[in-house]
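Order-wise, the sequence lines are chains U and P. Residue numbers for the first sequence follow my numbering, beginning at 329 and rising by one. Residue numbers for the second sequence follow my numbering, beginning at -1 and rising by one. Have a look at the structure below before the remarks.
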Amino acid sequence: MQQVVRPKVQVERTEAPKKRAVKLLMDLRPEAQKNRGPGPSKAMYRLTRIWKKTWVRRASLIVLPGILVVMAGWKLLNSPDLHAFIGKQRDAIIAVLAQRPEFAVNGYRIEGASAGLESRLTGMISVPGGASTMTFDVAALQADLADVAAVKDVSVALGPKGILHIDVIERVAEALWRDTDGALWLIDREGVVLDPTPVRADWPKLPVVIGEGAGEVVAQALSLFRSFPDLKPRLRAFVRVGERRWNVELDRGLTIMLPEQAPKAALARVMAWHYGDEVLDRGLVAVDMRLPDRPTLRMNGKAHEILRLRDAVDGAGEET
Amino acid sequence: MIFKRVDMFRSMRSRLHTAIKRGRVAVLDIGSSKITCLVLRLDPARIAEADAKDGLGTSLFGAIEVAGARTIQSRGIRRGEIVDMEEVCRAIRMALLNAEKMAAPKVERVDQVIVSFSGGRPQSHMTEAEIETETGQVTDRDLSHVLAECPEPPLPPGRQILHAQPCEITVDYQSGITDPRGMTARRLSVALHVLTVDSRPLADLMECVRRCDLDLAGIVSAPYASSMAALVEDEQRAGAVCIDMGGGGTSCAVFLRDHLMCVNQIRYGGSHVTGDIAAGLMMSQSTAERIKTLQGGVISTGADDREMIDAPRIGEEDLLDRRQISRGMLIGVIRPRIEETLHLLKAQLDQIGVQTMPGSGLVLTGAACQLQGVDDLVTRILGRRPRIGRPLRIAGLPQSLSGPDYSTAVGLALYALRPHDELWDFDAPRPGARGRASDMVRWLKRAW
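Written out as structure tokens, the structure is:
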């Protein structure tokens, strides 16, 4: 078989003036290299030498990728999808972990509360069976407990082994308050109403305060109460008058009316008189100390009678 | 005015200074048969230190190091002149990239390049001028004036100045002055050696360098460069002729009292010998080149007639029964061309008057001087015993590049380090100005 040898025909191109970029690209084509000595094309040469510039290398190897990474990272961090995904994953992980026995809430211990309060608090605390230390709402429990009137302050904390430590500072009843309806209430020194109590005799050591607005200033009454222990056996109540001053009600219908200013000094004067002359044991209805420079004693009817009689006797004597 | 002819070179000088400041420069020896590229690392601190120590630069050679070197076959150049610009550009690019690659850790990239120019029919001219000094003491202004007074050599269209070096400064008839500034003198005269070349090949060369995105930091005549590397300092001072037998041409440079005095070129070189062998014995160029290099010589003895060498005809290279010729026959082809070249050279040297020159040094360098027996032939024709000049050793130069054929490249490196003073290293005299105060006044006038 005859082999047909096809001569290589080199077509002569009539070169139209080409643009620079096009010409550079054409330099890269293999046929452009024909009949040429070895050597890099102009484009290759330029690229190689540009690459040798330090700033070009730095820009393209460090700065540019750095900027891209930062931009991509920024975009990713700000995407809501990613946040949702992370949140979902986190919740799932937490849910799994929370079921571990290591994280179970195993009970509670109340400290600093009296027996009565403790039993009341116990009724309020409910720890569900599967409760976990990771999801247990300590703050809500603390808020619930703090709402109880008898609780002055409470801190709830999860301790080791899943025990809830509940430290309670209890309010101490220091006085009885009789409101305008005649009902009796236990109050502490700040005037916070703690509990109703039907029977006065249950709290023999506590003073009674009466009157509108008496609760808020019960500390004053308590201070008077403690300063004069000798009054205790005869004391019936501290009465707040007109929401500004105190009356001290004693037995046998005796009232000591204290001034608005310096009530303790006024009471001290009364007591001094009492120690000297047993003023309070005499037939008085009231000791009016409201005007400090003009204390007034108001006698009862019997005493008036005795005085009248004595005056009559003395008058007769004088006449004689 | 001669200063106006050399403005182009001032920018080259500033580029050279930039390169020295950056500490890296490339030199390109663009010859007819090979292109050599050396990437040099310079130590600017040491150059400055040597400048401060002595103006002569004797302690300079440690300040330079060859970081990368590459020689490739030259393409597109004949007789030192460019015939195919694109090919030359490719060759330059290849040589430079390879040299840079070799230099990579030390020198990343060079932008400034010093090239040699080996063609263009170099012609030397001496011009002289004498003036009376203005103040009785030689100043920079006096130097500028006397240089400007030098008459231009004949520059027909198409010719151009390549070098213009003040080679003889005379102060009040006392010659041999290296630096006349500050000397007390009434009269100052300068002899200027001007080397002119054809401007077209020079422009082609510059265009090639420009196309390779390189800054030209200097163009040096190839014979001048090779003689700087091949002649030792004492030879340069005492007077010597350096014959650079290149591929595309044979050139000679005459040195006296540290200065280049004359450059001449014969347009016959090693490649013509190869051409003779190829044409005369009907061989391919590459075969001719190979047997010239391996078996060539110029002195034949009786033994050469019996020594047979392979000399395949064109197309016969792969056959077993190749043609064999005697070595004497080969020498018979080579010798006439070399003889002719040397005779032409002798005529030119005689014309210059080298015979009467005090120094009698004769140094052969260039690739063709490695031809066996050339030194004997030179002795016979020129009447002096030559020395084969290998280039000065500089740090980092590969052993393969230390032969006499690399004198030009090394010479370019030395030029980068410390060029001779050229005309463009001096300021052109400014008309009508006297002293610094008037300078200032004129500057103020121009600024406002």
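By construction, the Cβ of each residue, glycine as well, lies at the ideal position given by its N, Cα and C atoms. Here the structure is a predicted model, which is why all the values come from computation and not from measurement.
For U/S447, the three-state secondary structure derived from DSSP is helix. About 6 Å separates the CB atoms of P/P402 and P/G364; that is less than 8 Å, so the two are in contact. Listed in chain order, the beta strand (DSSP E) runs fully inside the region 297 to 361 of chain P are 306 to 308 and 322 to 324, counting runs of at least 3 residues. What U/R364 touches in chain P, judged by beta-carbon distance under 9 Å, is R73, E84, E85 and R88, going in chain order. For P/V169, the enclosing beta strand (DSSP E) stretches over residues R157 to V169. A check of alpha carbon separations from P/Q172 across P/R179, P/H161, P/L186 and P/G180 identifies P/L186 as the nearest. Nearest in C-alpha terms to P/A67, of all of P/P221, P/C35, P/Q121 and P/R208, is P/C35. The beta carbon of P/P151 sits closer than 7 Å to the beta carbons of H123, T125, V192 and T194 from its chain, once the five residues preceding and following it are set aside; these are given in chain order.
Taking 8 Å as the cut-off, the beta carbon of P/L410 is found closer than this to the beta carbon of P/D27. In the DSSP annotation of this structure, P/H418 is not part of any beta strand (DSSP E), being labelled neither H nor E. For P/V136, the closest of P/S116, P/I175, P/I112 and P/G381 by C-alpha to C-alpha distance is P/I175. For U/T461 against U/L486, the beta-carbon gap comes to about 5 Å, under 8 Å, which counts as contact. By the 16-neighbour rule on beta-carbons within 10 angstroms, P/D196 is buried.
For P/D202, the CB contacts under 6 Å within the same chain, skipping 5 residues up- and downstream, are I80 in chain order.
Under the three-state reduction of DSSP, U/L396 is assigned to helix. For the pair P/I312 and P/L328, the CB atoms are not nearer than the 8 Å cut-off. Sequence-ordered contacts of the region 370 to 386 of chain U with chain P read K370, Y373, R374, T376, R377, K380, K381 and T382 [C-beta pairs closer than 8 Å]. Here P/C210 is near P/I90, since their CB atoms are less than 8 Å apart. Pairing P/G387 with P/V64 gives a Cβ-Cβ distance that is not under 8 Å. P/H257 and P/E420 do not touch by the CB rule: their CB atoms are close to 11 Å apart, not below 8 Å. Using beta-carbon distances, U/G367 counts as an interface residue toward chain P, with a partner under 8 Å. At a cut-off of 8 Å between C-beta atoms, P/E205 does not count as an interface residue with respect to chain U. For P/L36, there are no neighbours in chain U by C-beta distance under 7 Å, as the nearest C-beta there is about 17 Å away. Around the beta carbon of P/V331, 16 or more other beta carbons lie within 10 angstroms, which makes this residue buried. Judged by beta-carbon spacing, U/G604 lies beyond the 8 Å limit of U/R568, meaning their Cβ atoms are not closer than that value. Contact between U/L534 and U/E502 holds: CB atoms are separated by about 7 Å, below the 8 Å threshold. Its Cα nearest to that of P/D170, the residue P/T182 stands out among P/D177, P/T182 and P/Q163. With a 10 Å radius around the Cβ and a threshold of 16 neighbouring Cβ atoms, U/S407 comes out exposed. The Cβ of P/L26 sits no closer than 8 Å to any Cβ of chain U. Cα atoms of U/Y373 and U/W383: separation of roughly 18 Å, rounded to the nearest angstrom. When secondary structure is reduced to three states using DSSP, P/C250 falls in the strand class. Pairing P/L279 with P/D303, the inter-Cα distance amounts to about 16 Å.
A Cβ-Cβ separation of about 6 Å places U/V613 in contact with U/M627 under the 8 Å criterion. For a Cβ distance threshold of 7 Å, residue set P366, G367 and P368 of chain U lies close to P/M92, ordered along the chain. For P/D202, no chain U residue has a C-beta closer than 9 Å to its own C-beta; the minimum C-beta separation is roughly 17 Å.
Assignment of beta strand (DSSP E) within the region 533 to 570 of chain U, counting only whole runs of 3 or more residues, yields 536 to 538 and 563 to 569 in chain order.
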